[in-house]
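Peer 1:
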Amino acid sequence: MNDLLDRATAQTYASWFRALADPTRVQIVEYLARHARPMSVGEIVTAIGLAQSTVSQHLKILTEVRFVLVQPVGTARHYRINDACVGCFPSAADVVMGRPAPSPNGAC
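In the working numbering, each residue's number is its place in the sequence shown (first place is 1) plus 22.
#1: Can you tell me the Cα-Cα spacing of Thr76 and Ala41, whole angstroms?
#2: Rounding to the nearest angstrom, what Cα-Cα distance links Val87 and Trp38 in this structure?
#3: Based on Cα-Cα distance, which residue from Pro94, Ala55, Val117 lies nearest to Ile103?
#4: Would you kindly check if the distance between the Cβ of Leu84 and the Cβ of Arg47 is under 8 Å?
#5: Need the endpoints of the alpha helix (DSSP H) that Arg40 sits in, please.
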């Protein structure tokens, strides 16, 4: 019996943890999750209080791991939390404590 988390799942989880390894990205994810609607970069910039270019860079990282989804709205882009991905994001404490880790189902 193999007691290790399989390598592919570990790599997926590591990419998620890296994406959330910055406090601004954690704030963006929390803000989008709490508001549960697509938002423009301008709205996010106002809430976070950082420059648009900085927020856009953080959003790029979050979209790469699919925590955040992008919706084109005319020439603008709106961002929303990916409920499916957040739903399958494992609790680090659960994994470390040996509880079963949820399997990524491709939605993230």
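C-beta atoms are modelled at their ideal positions from N, C-alpha and C, and glycine is treated no differently. Small disclaimer: the values here were computed from a predicted structure and weren't measured.
Peer 2: Quick look at the numbers:
#1: 15 Å
#2: 6 Å
#3: Ala55
#4: yes
#5: 29-41
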